[in-house]
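> Residue numbers (this note's numbering): 4 to 333.
After the structure tokens below, expect a handful of questions from me.
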Amino acid sequence: MGEVSKRHHTVPNFYLKGFASDNSKPQIGVVSLSDGKRFVLPTKDATVQTNFYALPGHPDGDDVFEKELSNLEGDAATVVRKIVEGTWPLSGDDREILGTFLALQFLRGPDTRAMMSQMQSTVLSKAVRQMGMDGLQSMLATSGKQVSDEKLLQLVEQATKPDGIATHASSAEHIDHLLELVPVVVRFFVGRPWNLVRFSRQKLLTCDTPVALIRDPKLEGFYAGVGVMNAWGISVPLTREIGLLLSDPMSLYKEDGSGQGSMESLLEEVLSGREDQTLNASTKVVRFFNATTINNARDWVFHHPDDAALVPDELPGPRDKEVESEVISG
Numbered sequence: 004m005g006e007v008s009k010r011h012h013t014v015p016n017f018y019l020k021g022f023a024s025d026n027s028k029p030q031i032g033v034v035s036l037s038d039g040k041r042f043v044l045p046t047k048d049a050t051v052q053t054n055f056y057a058l059p060g061h062p063d064g065d066d067v068f069e070k071e072l073s074n075l076e077g078d079a080a081t082v083v084r085k086i087v088e089g090t091w092p093l094s095g096d097d098r099e100i101l102g103t104f105l106a107l108q109f110l111r112g113p114d115t116r117a118m119m120s121q122m123q124s125t126v127l128s129k130a131v132r133q134m135g136m137d138g139l140q141s142m143l144a145t146s147g148k149q150v151s152d153e154k155l156l157q158l159v160e161q162a163t164k165p166d167g168i169a170t171h172a173s174s175a176e177h178i179d180h181l182l183e184l185v186p187v188v189v190r191f192f193v194g195r196p197w198n199l200v201r202f203s204r205q206k207l208l209t210c211d212t213p214v215a216l217i218r219d220p221k222l223e224g225f226y227a228g229v230g231v232m233n234a235w236g237i238s239v240p241l242t243r244e245i246g247l248l249l250s251d252p253m254s255l256y257k258e259d260g261s262g263q264g265s266m267e268s269l270l271e272e273v274l275s276g277r278e279d280q281t282l283n284a285s286t287k288v289v290r291f292f293n294a295t296t297i298n299n300a301r302d303w304v305f306h307h308p309d310d311a312a313l314v315p316d317e318l319p320g321p322r323d324k325e326v327e328s329e330v331i332s333g
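Okay, structure coming up:
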């Protein structure tokens with residue numbers, strides 16, 4: 004079976020190298036959102052979590068999913084290399100490979116696992132509050148489980164606190180989530196016009212969650228939330244000098260405005276990549292990418308060691324809340 008890998012990158016090493024020093028031991032600049040500390044780290048050690056994708060007891064090894072990720076990353080790295088070398092637009096196959104990688108990257112990180120844990124916590128806390136002490140005792144008596152009154156009281160009290168009952172989604176639950184959602188979500192990546200920007204003088208930053216959804220600025224209130232379906236755009240700094248913006252396909256439809264038949268033909272055009280284009284680089288565009296990256300980061304902003312000045316001193320704090328919920332006591 005071979006050696007089992009325990010060091011799992013949540014952002015691939017090949018991707019981080021696109022923002023790192025160009026040598027045999029690539030280094031990347033790191034800025035912590037929690038305390039503002041700045042340091043340089045080998046890319047092989049950045050975004051590494053022990054056994055993050057491990058499936059203990061799997062017949063093909065605990066690291067079977069990590070190995071599958073490595074295979075996809077290898078294919079994606081080849082496509083990114085083609086772009087770096089001047090290929091654009093991509094072939095249909097390469098577009099599909101990169102789109103799948105982006106969809107997976109969007110869902111594979113600690114932010115998604117935190118979201119799953121927080122959603123579980125919200126649902127469990129609400130159920131416990133509604134059942135109360137008597138309801139919990141009755142449910143446990145029916146199931147034949149024995150739990151002390153003291154433990155039940157602690158559970159009910161915890162359910163009324165702002166953070167509710169802490170739960171932690173497992174790696175297996177996260178991987179099931181990925182396998183279910185990636186085939187669905189990828190359609191909202193490849194189903195957008197892709198816009199490439201090549202920078203020369205200006206440089207890009209990246210972060211621990213490099214695939215960023217951009218909210219439609221025209222939406223307000225209840226409709227102001229953003230997801231892969233309604234995002235105005237999706238930005239991805241591909242390398243230090245190449246940015247990718249997946250734009251809103253509905254803008255093309257509104258420009259055409261000739262009915263359902265037109266939408267079907269337009270979708271075919273978008274999926275074929277014939278609507279993909281190259282945008283002009285400018286100071287405004289690079290600032291847009293870098294601001295989006297910083298605002299989307301959870302714990303870490305990354306940069307080439309020579310680009311430390313691009314990261315401002317004032318940064319948002321770390322984002323640890325992926326689900327907003329209100330716990331009502333009583």
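Note that beta-carbon positions come from the ideal geometry of N, C-alpha and C, so glycine has one too.
Owing to the predicted nature of the structure, the values given are computational and were not obtained by experimental measurement.
Would V43 be called buried (16 or more neighbouring beta carbons within 10 Å of its own) or exposed?
The residue in question, V43, is exposed, as its Cβ has fewer than 16 Cβ neighbours within 10 Å.
> CB-CB under 7 Å to G262, same chain, minus the five flanking residues each way: which ones, in chain order?
Bear in mind that a pLDDT of 48 at G262, under 50, signals an unreliable position, so the number given afterwards is only what the model happens to contain. Once the five neighbours on either side are set aside, G262 has no close Cβ partner at all.
> Just to confirm my understanding: we take N299, look at its own chain, exclude 5 residues before and 5 after, and list those with CB closer than 7 Å. What are they?
For N299, where only same-chain residues beyond five positions count, the Cβ hits under 7 Å are C210, T212, A215.
> Could you have a look at G262 and say whether DSSP puts it in helix, strand or coil?
With a pLDDT of only 48 at G262, under 50, the local geometry of the prediction cannot be trusted, and no value is derived from it.
> DSSP on I245, reduced to helix/strand/coil?
Note: I245 maps to strand in three-state DSSP.
> Report the option in R301, D38, A311 whose CA atom is closest to the CA atom of R322.
Ranking R301, D38, A311 by Cα distance to R322 puts R301 first.
> My parser needs the beta strand (DSSP E) runs of 3 or more residues fully inside the region 94 to 176; what are they?
Counting whole runs of 3 or more residues, the region 94 to 176 contains no beta strand (DSSP E) stretch at all.
> How many angstroms separate the CA atom of V326 from the CA atom of V231?
Approximately 16 Å, taken between the alpha carbons.
> Just the C-alpha distance for G51 and D96, rounded to the nearest angstrom, thanks.
Rather than Gly, the amino acid found at residue 51 in this sequence is Val. Looking at the two C-alpha atoms, the distance is approximately 30 Å.
> To which residues does DSSP link L282 through a beta bridge?
In DSSP, L282 forms a bridge with V200.
> Can you tell me whether DSSP reads T81 as helix, strand or coil?
Of the three classes helix, strand and coil, the one that applies to T81 here is helix, per DSSP.
> Along the chain, where does the beta strand (DSSP E) that runs through R304 open and close?
Going by the sequence as given, residue 304 is Val instead of Arg. Note, V304: beta strand (DSSP E), 303 to 306.
> Return helix, strand or coil for F22, following the three-state DSSP convention.
Helix, per DSSP.
> Whole angstroms is fine: what's the gap from E272's alpha carbon to R98's?
Their Cα atoms are separated by approximately 13 Å.
> Three or more C-beta pairs under 8 Å: does that hold for the region 8 to 18 against the region 109 to 118?
They touch, by the three-pair rule.
> Determine the closest residue to S238 out of E244, L105, L248, with distance taken between C-alpha atoms.
Measuring from the Cα of S238, the nearest candidate turns out to be L248.
> What first and last residue would you give for the alpha helix (DSSP H) that runs through V193?
First-last of the alpha helix (DSSP H) with V193: 190 to 193.
> Within 10 angstroms of the Cβ of L282, are there 16 or more other Cβ atoms? Answer buried if so, exposed if not.
Exposed: under 16 other Cβ atoms inside 10 Å.
> Taking V1 as part of the beta strand (DSSP E), name the residues at either end of that continuous run.
Since the first and last residues shown for the chain are 4 and 333, residue 1 lies out of range.
> DSSP on L351, reduced to helix/strand/coil?
Lying before the first or after the last residue shown, residue 351 is absent from the chain, which here runs from 4 to 333.
> Just the Cα atoms here: how many angstroms apart are P59 and L155?
Taking the straight line joining both Cα atoms gives about 31 Å.
> Alpha carbon to alpha carbon, how far is I31 from L313?
Roughly 14 Å between the two C-alpha positions.
> For P15, which of helix, strand or coil comes out of DSSP?
In the structure shown, P15 sits in coil (DSSP, three-state: anything other than H, G, I, E or B).
> Between E69 and the rest of its own chain, which residues show a CB-CB distance below 7 Å, the 5 nearest in sequence each way excluded?
Closer than 7 Å at Cβ, skipping near neighbours: S8, H11, Y56.
> Ignore the nearest five residues each way along the sequence and tell me which others in S37's own chain have a CB closer than 8 Å to its CB.
D302, G320, P321, listed in sequence order.
> So for P62, helix, strand or coil by DSSP?
In the structure shown, P62 sits in coil (DSSP, three-state: anything other than H, G, I, E or B).
> Could you tell me the distance, in whole angstroms, from the CA atom of V289 to the CA atom of F104?
Spanning the two alpha carbons is a distance of roughly 23 Å.
> Going by the CB atoms, is the gap between S250 and N198 shorter than 8 Å?
Yes, Cβ-Cβ distance for N198 and S250 is below 8 Å.
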